[in-house]
Structures are given as structure tokens and as C-alpha cells.
Amino acid sequence: MALVHFAVFVAALMAACLPPPVRPCDGNFQTPSAGEKCTNVSTEPFCGHFYQESFFPNDIATTSEIATSWVAFYLQSNQTCSPYLSLYVCLAVLPVCERANSSDGRANSSRVRLPCRDICQRVQSDCSREKGFKSTLDVQCVYNCDLWPDTDCVSLQDPLVAAHVTPLDPTPSSLPEATPQTTSLQDNDTCPPVDQVFFSDESKTFAKGWISFWSVICYLSTLVTLLTFLLDTSRFQYPWRPVVYLALSFHIHTLGYFLALIIGPSSVTCPGGTYVQTDSKWTWVHTPCILVFGLLYYSMIAAFLWWLILTLSWFLSSAYKWTNEAISQFSLFYHTAAWVIPLILTISVLAARVVSADELTGTCFIVRTNTRTSFLAMLFGLILPLSVLLLVGSTFLTIGLLSVLQIRKFMVNRGRERESIILEKLMLRIGVYVAIYVLPAAVLIGCFIYELDTRPRWHTTSDPCTDCSRPNTAVFMVRIFMFLLIGALTGAWIWSRKTLQSWRRLPTKLQNCILPPTSERTQDSEKAATRLGSFTSPSQPHPSVRATPSYPYTIDSATEFSA
């Protein structure tokens, strides 16, 4: 094995330093003469694992050593642009030689099988945008697709291809005319490329309207929550204040969708006419893509972190009877964790270049593509972090709810009916909040798992097959709906009579901003009277307020938000 690796290294080095002279191909490949046997190439470092035998001389190479040099030359910088490239180059330089029994059954005859034109066109379609590919694009010889036949050759559907190549996005060989199932992007110069179009134009149009509608709903709901907080910040004490920052996270998320809708999918996913894919090198033209991804990904991670902080605060309040002052002492830690960790993850994902264009939504996000890098990015950058945050938060929430049940049982036994009713309202509100967050979040993660698992088996819209695997657009619509629904219902926690009272007092507060309050006007009148010599009795000191016994903070919180 070490010798094979060394041979590969030497062959590649020789090909890089001394590329073989280019010989024109005339298309008249030499075939084995009668009775001539095929030549064993199983030890050939590049092609030996595809098939066992080839023949020499042929139109490109006269010996196996020259063939190896040619293969290394064509593969040295283009080994990843297409899953078919290695096999195609081997078939072009070392045509597969197959044995067949003669009619009399006493001797073996041999036949050569060249690559079909469709596999050549597929390789050109996959690799046409690669700079390294263009530098070795020998259109007169190996990459001259007109050179290859259409019949009695190795095509994309050949068992040899199926046995050694696992296309993650199989498409037909040629680029057919547009059919009712295909989108309008059906030539190599369009973006996305034809072999990466998985959704129809109708699905994309529906997705645009779907995203617009739910983004507006989520935006307005979270905006009301944030404005309510600004009207009366004293109402939102810990452990419930994270609800405000949770709403802020979803508010930022909708801005990412709005930005993508305003700029347009072509500017976001196809800057400079190049489709954004995994391993794309970031330049200034990718600024819209980076901004949209940053807003969407950052806000999603931040929302799950604030959910965890909310459940942690609730856990400390109910299980350990922490007061709001005790919980708020760690507010700096909460903000650091909830805002800095998503920023670090966002920068890390961008630096790892695992962001791709989302064809359906017209945004940039972590998308499962044909590479192992994208698989790891979606697994460790999305699914696992969100699952862990949701699981830990649900654990805190469950323990806190059990603690409240114990407190309620204690109060019922002591005859404290009023506090018991308050706790019942609190538990009902918590149950509703669990339903509107935990369940949609679990469905959201399930949709990501669906994409991670099924994406390698998808067929493009240009594939005329009827029973092949295609993406389910409904799953992606549910994913978008579930996350925006959580944001829209985040404000459900503030739907109470006190919220209406806060908004009713808004005109009075605005009036006080323009005119001084009545007390200040009264003081001015008293000062004026003093200057005129009138006598006013000193005001009596305000009686001190007696300290009232405090119950566990869960009761106070329930009183605050149950009204």
C-alpha cells in the first residue's frame, strides 16, 4: 500500500512539473486485434480500482506509464469538482477492455468501451466553473464531448458507473429542453446550475409569499412585545425578562428574511453570477449572502440560548426560591452567553466556508450539499446545538414545574386558597408556553434532520424519472413556519390586562414628556407664593411603608402576569 501511495505521489509530481505534450485526438481509437488479450491495469494507481483491464496502444497513450502520467495530469487540481471526473478521465485515457466468449466458446474476444458523450457533458457541467479545471480543459482531446459515442459505451446509467460512483445529486447526462417539471434555469450559464435545481419555480414563488407573510406576523408580534417592555420596564423582572430578549432574537431573524426579499435571490445566492456553495471563497460580492446568513443563523442560536436562560431563571426561582434580585445579579453573564456565543459560532461557520445558497428560500444558510463538510456543518452547527439547548431547557422547565406543584400542594394544605389559585394560573400559562415553544422547536429540528438524511438521494427537476426521490417542499415550509410561529407567540406571555393598561397610559406619558407633571406645576406655584410672603405649612413626611412578608417569587410573578 505504501508503494502505491508513493507511486501516486511521484506520478502527480511528474504531471505537475512536466505535463505531457498534448496530442490531438482524431477519434479513431485503435481496438484490439483478433485474439489479442486485454492488458491488466489493476496496479495502475488511479484507475486500477475501477476496472481490471485496458488495452494499448490507443489514440492517447501507447503504454501504461504514459497513461498514468496523463491521468495524473488531468486530475492533479480537479479531483473534487465532480464525482464522475476520476472515472471519466480513466475511461478516456485507459478505455475499459472487456472479455467476451467467442461464438465457438473456445477463445476469448475483447471489446473496448469508451466513455459516452453524456458522462463527458456531465463532467463539463460540474467543473466548468472551477478555475483549475479551465486551465486543463483540453477541448480537442479528453474533454471534447463530440469525440465520444452515444451507444456501445459507458454512460451515466452503466453498471460500472453505478458500482464506483455515488452521485449525491444525480442528473441526466445531457441538458434537455425545458419540460413542465423543470425550472427556467436550464443552461450552464444560469445560476444555480442545472444540476443543482431541486425546486420548481412554483415552489420558489410560494416559498417567497410564505416567508413574507409569516415574517410580517412575527415582526409585528415581537415589535409589540419590545414596545410594551419599553413602556413599563419594571413589569419585566427576572425570571421573565428573558422573554423580552427572546422576542428581540426573533425580531432580528425576521430582518434577515426582509433583507433577502428586498435584495433579491440573485444578489444573495448568485453574486457575480456564481452560485454560493460550500468552500466558496468570500469576497466583497458575497456581502449580501454573509449579512443574510449572519442575521438568520445568529438570531436562531441566540433565541435558543435565551430560551435556555428563561428556563434556568424559572428553575432557580421555583426550585431554589431565588428572588428576582438574586437572579438579576447574573444578568451580565446571561447577556454575554446569549449574544457572544452565537457570534463566535457565526464567525466560525463563515470561516469554515460551509455556508451555501438555499435555493428554495433565496437565502444563505447551512445547507446539506454533496460534501462531507456540509454534513458535519449541519450536524454540529445546527442540529446538535439546538437539540442540546432544547433538551436542557426542557429539563429545567420540568423540574421547575414539579417544584411549583409541591408549593401548590403545601399551600392547599395550609388553607391559602388565593395563593393556590395564582399558582394554578401560573402553571396553566407555563403549560401553554411549553406547547408554543417546545413542540415547534422539536419539529424545526426534525426538519433539519430530514434534510440531512434525504438530501443525498434527491434528483433534480431536470431528471425525467417519475419514481425517484425529490425534496418535499412542505417540510421546508413547515420548518420556516414553526420557527416564525415561536416568535409570533413569544408575546403571548404579555397578553394580559396590565399590558392594555400600559398602552392606555401611553398618551399620558407622552403628554408628560411635553408638559411638566401636575406635581411640578404645584411646586412652582408654592415657590411663587413663598416669594410673595405667603405661609405654607411644611409637608408631612410620608408614612413609611410596612414591610410585607414575601412569598416565593413564583407567586409574585404569577400575580404580575396573571392579571
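In mature numbering (1 follows the signal peptide of the UniProt record, and there is no 0), the protein residues as written are -24 to -1, 1 to 539. Glycine included, every Cβ here is placed at the ideal spot set by N, Cα and C.
Secondary structure of T337 (DSSP, three-state): coil. Within the same chain, V325, I342 come within 6 Å of G357 by CB-CB distance, once the 5 residues on both sides are set aside. Here V380 really is in contact with S294; their C-beta atoms are around 5 Å apart, less than 8 Å.
Proximity to V316 across R455, I303, A278, C92 peaks at A278, based on C-alpha coordinates. The beta-carbon separation of C66 and F26, rounded to 6 Å, stays under the 8 Å limit for a contact. Annotation: D126 is outside any alpha helix (DSSP H) and is labelled neither H nor E by DSSP. Take the alpha-carbon of L90 and the one of D334: they are about 37 Å apart. It is roughly 22 Å from the alpha-carbon of K401 to the alpha-carbon of T204. Taking a contact to require three or more Cβ pairs closer than 8 Å, the segment 293 to 313 and the segment 345 to 355 do not qualify as touching. In this structure, the CA atom of D443 is about 41 Å from the CA atom of S370.
By the 16-neighbour rule on beta-carbons within 10 angstroms, V364 is exposed. Residue environment analysis places E427 among the buried positions, since at least 16 neighbouring C-beta atoms fall within 10 angstroms of its C-beta. Bounds of the alpha helix (DSSP H) holding W190 are 177 to 207. Distance from the CA atom of F452 to the CA atom of P264, rounded to whole angstroms, is 22 Å.
Cβ atoms of H262 and P247 come within 8 Å of each other, at about 5 Å. For the options C73, L61, L63, the alpha carbon positioned closest to that of N16 is the one of C73. Where P135 is concerned, the enclosing alpha helix (DSSP H) starts and stops at 135 to 140. C73 is bridged by DSSP to V88.
C103: member of the alpha helix (DSSP H) spanning 93 to 103, first to last residue.
A check of alpha carbon separations from F174 across T449, R480, T437, V454 identifies T437 as the nearest. The beta carbon of C96 is closer than 6 Å to those of C121, W124 in its chain, skipping five residues each way along the sequence. If you ignore the 5 residues before and after S304, its C-beta comes within less than 6 Å of the C-beta of Y214, all in its own chain and listed in chain order. Sixteen is the threshold: when 16 or more other Cβ atoms of the shown chains lie within 10 Å of the Cβ of H227, as they do, the residue is buried. Pairing V252 with F31, the inter-Cα distance amounts to about 42 Å. If the five residues before and after I412 are omitted, its C-beta is found closer than 6 Å to the C-beta atoms of L465, all from its own chain and listed in chain order. Taking all protein chains in view, the Cβ of P416 is crowded by 16 or more other Cβ atoms within 10 Å, so the residue is classified as buried.
A314 is classed as buried because its beta carbon has at least 16 other beta carbons within 10 Å across all chains shown.
In terms of Cβ geometry, I359 and I456 do not form a close pair [threshold 8 Å]. Of the residues assessed, H229 falls on the buried side of the cut-off, its CB having 16 or more other CB atoms within 10 angstroms. In this model, T449 and D255 are separated by some 26 Å (Cα to Cα).
In summary, H435 is buried, with 16 or more beta-carbon neighbours lying within 10 Å of its beta-carbon over all protein chains present.
Across the set L63, D208, L237, P447, the C-alpha of P447 shows the shortest separation from the C-alpha of S179.
With distances taken between CA atoms, Q133 lies nearest to D94 out of V99, Y310, S101, D94.
With respect to S86, C14 sits close: the two C-beta atoms are nearer than 8 Å.
Looking at the backbone, the Cα of W283 and that of P218 are separated by about 7 Å.
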